[in-house]
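In what follows, a structure is listed as structure tokens, so that the remarks can point back to it.
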């Protein structure tokens with residue numbers, strides 16, 4: 038038997054150059070529904086001008102990342118029960134550290150460009166062990182990479198908050214994961230705004246919905262970069 | 013690639029601990045203690061400047077800093093140094109791919125050591 042809760046969605050609204058504000062919508066929900074279900078219902082029955090991004094509804098596309106009560110969440114897999122209580126409030130805001138297009142939708146163009154420039158592969162060999170770098174080049178089956186490019190880690194990163202030039206956790210993790218540290222990628226990651234800019238807050242790993250563990254990957258990338266420099270210094274290939 | 017202007021105004025948000033994980037608390041603690049130790053360094057140099065004003069001025073100053081308020085301030089410096097130093101060891105280790113997956117346990121362990129040491133110093137300072 039399903040429960041019914043009354044919750045209030047506080048939705049961040051911003052159109053063009055207008056000042057931002059929050060709209061409140063009181064709703065009857067099943068607490069086992071997901072936060073995105075409520076947002077879709079608001080769009081369907083209350084306000085068709087609400088702009089938000091979503092697609093797959095099963096944490097594969099990475100489109101529905103938002104701030105839910107101040108924490109980065111993939112709203113399609115975040116049960117209402119986990120973020121509020123009966124009679125409570127769900128404040129929904131766009132991700133931080135990305136330009137807001139409208140309401141809850143952000144512009145991730147630069148992020149996608151950076152992912153591409155470090156050689157992140159959205160589709161990898163089935164033998165590609167995402168966690169901790171094991172790789173089987175003989176395996177010809179393909180699967181989606183763990184990183185779904187949702188941008189939650191960039192939103193949660195305190196360094197990205199003050200330094201938009203910082204490549205950010207997902208991009209650095211993408212470089213580590215691709216394993217191909219060619220001169221172009223090295224130029225990007227072995228730089229002031231690359232792997233050395235991370236200040237070890239580990240917030241990226243906390244919010245990642247795909248267990249990519251970007252913080253661990255950044256540290257591993259640093260180890261690889263130091264190893265390369267030492268080898269280069271001693272003329273070892 | 014496009015220019016990305018810095019956003020120094022957001023720096024204050026680094027110190028907002030709401031909705032943050034243990035890693036961020038360590039990050040915030042390291043910044044607060046780092047800033048505190050930097051301020052102390054300047055105060056310390058000013059204190060040392062008292063030496064140049066002769067033995068009487070220096071003795072008078074030393075008598076002043078023996079009161080409990082100054083002792084509490086000194087304890088804060090010791091606490092900041094312990095927290096910053098021990099957390100620095102954690103960051104140094106994990107920053108190069110060692111025990112990165114255990115950063116929370118490292119933080120809790122090292123901060124336990126810091127608390128024990130702070131209590132020890134507090135007892136020593138206020139009972140002697």
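Chains as they are written, first to last, in the working numbering: chain P, 38 to 274; chain C, 13 to 140. Ideal Cβ placement from N, Cα and C applies to all residues, glycine included.
Of all the options the options, which has the alpha carbon lying nearest to the alpha carbon of residue i?
| i | options | result |
| --- | --- | --- |
| residue 138(P) | 267(P), 52(P), 258(P), 67(P) | 52(P) |
| residue 103(P) | 129(P), 97(P), 81(P) | 129(P) |
| residue 46(C) | 103(C), 85(C), 97(C), 60(C) | 97(C) |
| residue 93(P) | 187(P), 251(P), 122(P), 236(P) | 187(P) |
| residue 233(P) | 192(P), 261(P), 159(P) | 261(P) |
| residue 245(P) | 112(P), 62(P), 59(P) | 112(P) |
| residue 64(P) | 56(P), 55(P), 43(P), 70(P) | 43(P) |
| residue 137(C) | 22(C), 60(C), 88(C) | 88(C) |
| residue 75(P) | 118(P), 56(P), 99(P), 55(P) | 118(P) |
| residue 90(C) | 110(C), 103(C), 134(C), 70(C) | 134(C) |
| residue 127(P) | 223(P), 192(P), 105(P), 215(P) | 105(P) |
| residue 68(P) | 160(P), 121(P), 149(P), 225(P) | 121(P) |
| residue 40(P) | 60(P), 201(P), 70(P) | 70(P) |
| residue 48(C) | 109(C), 92(C), 64(C), 102(C) | 92(C) |
| residue 55(P) | 219(P), 140(P), 81(P), 239(P) | 140(P) |
Distance, Cα to Cα, residue i vs residue j?
| i | j | result |
| --- | --- | --- |
| residue 55(C) | residue 19(C) | 30 Å |
| residue 73(C) | residue 132(C) | 26 Å |
| residue 204(P) | residue 231(P) | 6 Å |
| residue 125(P) | residue 45(P) | 6 Å |
| residue 243(P) | residue 258(P) | 19 Å |
| residue 264(P) | residue 229(P) | 18 Å |
| residue 124(C) | residue 116(C) | 12 Å |
| residue 113(C) | residue 122(C) | 16 Å |
| residue 80(C) | residue 139(C) | 11 Å |
| residue 198(P) | residue 190(P) | 11 Å |
| residue 235(P) | residue 50(C) | 22 Å |
| residue 108(P) | residue 96(P) | 17 Å |
| residue 28(C) | residue 130(C) | 25 Å |
Keeping to the same chain, check which residues put their C-beta closer than 7 Å to that of residue i; ignore five residues upstream and five downstream.
| i | result |
| --- | --- |
| residue 269(P) | none |
| residue 41(C) | 95, 99 |
| residue 126(C) | 94, 95, 98 |
| residue 151(P) | 204, 208 |
So residue i contacts chain C; which residues on that side make the cut at Cβ distance below 9 Å?
| i | result |
| --- | --- |
| residue 69(P) | Going along chain C, no residue has its Cβ under 9 Å from residue 69(P), so there is no contact; the nearest lies around 23 Å. |
| residue 186(P) | Under the 9 Å cutoff, chain C gives no residues; its nearest Cβ is about 18 Å from residue 186(P). |
| residue 243(P) | 32, 33, 34, 35, 36 |
Anything in chain P within Cβ reach of residue i, meaning under 8 Å, just list it in chain order.
| i | result |
| --- | --- |
| residue 18(C) | 199, 200, 201, 202 |
| residue 78(C) | Within chain P, no residue comes near residue 78(C); the closest Cβ sits about 39 Å away, beyond 8 Å. |
At a CB-CB cut-off below 7 Å, which residues of chain C make contact with residue i?
| i | result |
| --- | --- |
| residue 206(P) | What residue 206(P) touches in chain C: nothing, since even the nearest Cβ is about 12 Å away. |
| residue 253(P) | 112, 113 |
| residue 260(P) | 108, 109 |
Within the same chain, show all residues whose beta-carbon is closer than 8 Å to that of residue i, passing over the 5 residues directly before and after it, in chain order.
| i | result |
| --- | --- |
| residue 136(P) | 143, 144 |
At 9 Å on the CB atoms, spell out the chain P contacts of residue i, in chain order.
| i | result |
| --- | --- |
| residue 23(C) | 198, 199 |
Suppose the cutoff is 6 Å on Cβ atoms and the five residues either side in sequence are ignored; what does the same chain contact list for residue i look like?
| i | result |
| --- | --- |
| residue 58(P) | 50 |
| residue 13(C) | Confidence is the limiting factor: at residue 13(C) the pLDDT is only 44, short of 50, which leaves the residue's position unreliable and the question unanswerable from this model. |
| residue 213(P) | 254, 257, 258 |
| residue 133(P) | 192 |
| residue 62(P) | 46, 79, 83 |
Listing by chain order, which chain C residues have their CB less than 8 Å from the CB of residue i?
| i | result |
| --- | --- |
| residue 195(P) | 25, 26, 36, 39 |
| residue 257(P) | 109, 112 |
| residue 263(P) | 108 |
Using a beta-carbon distance cut-off of less than 7 Å, what residues from the stretch 216-238 of chain P approach chain C? 236, 237, 238
Positions along the stretch 102-123 of chain C whose CB lies within less than 7 Å of some CB in chain P: 103, 106, 107, 108, 109, 112, 113, 115
Under 8 Å, CB to CB, which of the residues in the stretch 97-119 of chain P have a partner in chain B? No chain B appears in this structure, whose protein chains are P and C.
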